[in-house]
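Participant: Handing you this structure, nothing more for now.
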Amino acid sequence: MIREDLWQKAGKLADRPFSVEAQKSQLLDRSIVVVVANPELPGCMAQGDTLKQALAELKEARQEYLFPILKAGRQVPEPKPTAGGCPRITWLEPELIDETLWSRAEALAARDYLVEFSPETLEDGSEGVLAENPEMPGCMESGRTPAEAKAALARGRHVFIYCLLEAGKAVPEPGDIHMMADGDAATIAG
1 MIREDLWQKA GKLADRPFSV EAQKSQLLDR SIVVVVANPE LPGCMAQGDT
51 LKQALAELKE ARQEYLFPIL KAGRQVPEPK PTAGGCPRIT WLEPELIDET
101 LWSRAEALAA RDYLVEFSPE TLEDGSEGVL AENPEMPGCM ESGRTPAEAK
151 AALARGRHVF IYCLLEAGKA VPEPGDIHMM ADGDAATIAG
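Sequential numbering from 1 applies to the sequence shown in my numbering.
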């Protein structure tokens, strides 16, 4: 249960002029978002389609970040002093998809990987199918039918392989189910 007094106090503290780091970031679906973070509050970040939307989301994230600190009775970090009491926004280099790696991942993902199917209960409670590539533990997708799950898996495999390449890891060959250690899969999928 939320203590209303602490929640309100966290909201007031969240209104203080914390510095902001902003960065345009390209998601794997190629859309661009603005990611913002407060350096004084490690891990406190948000995103939005515009800077204005991202900053509004960040204010809410700050309140949620500060509430457990207050609840635990710990010291609340102070914002860095700024001129005029306004938050300073620093823009970082955009984070974009490496087109060369993306194309390479697309070609590698099109290879003939093994596909294993198993029954699964979908989020809406209906019965569905889980498709996975045993060569890449953690590379799996769901669908209502085997064909739908296999199509989703093909798209997911492209992203999975891109992440492997970006991390400098080897991409398993089709049929090589012993190449990746489970730790590697957890790092990429998680």
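We put the beta carbon where it would ideally sit given N, CA and C, even for glycine.
State the DSSP-derived secondary structure class of Thr90, mapped to helix, strand or coil.
Facilitator: Correct three-state label for Thr90: strand.
Participant: Can you tell me whether DSSP reads Ile32 as helix, strand or coil?
Facilitator: It is a strand residue.
Participant: Closest to Pro146 by CA distance: which of Pro137, Val171, Gly48, Pro119 is it?
Facilitator: Taking only the C-alpha atoms, the option nearest Pro146 is Pro119.
Participant: Helix, strand or coil for Gly128 per DSSP?
Facilitator: Three-state result, Gly128: strand.
Participant: Going by DSSP in three states, Gln75 sits in which element: helix, strand or coil?
Facilitator: Three-state DSSP puts Gln75 in coil, outside helix and strand.
Participant: On the DSSP bridge assignment, give the partners of Ala37 in chain order.
Facilitator: Bridge partners of Ala37: Glu21, Met45.
Participant: Do you know how far the Cα of Ala170 is from the Cα of Gly183?
Facilitator: Annotation note: pLDDT 40 at Gly183 (below 50); position unreliable, no value reported.
Participant: Tell me which residue opens and which closes the alpha helix (DSSP H) that Gly198 is part of.
Facilitator: Because residue 198 is not part of the residues shown, which for the chain are 1 to 190, the question remains open.
Participant: Can the beta-carbon of Leu6 be found less than 8 Å from the beta-carbon of Lys80?
Facilitator: No, Cβ-Cβ distance for Leu6 and Lys80 is not below 8 Å.
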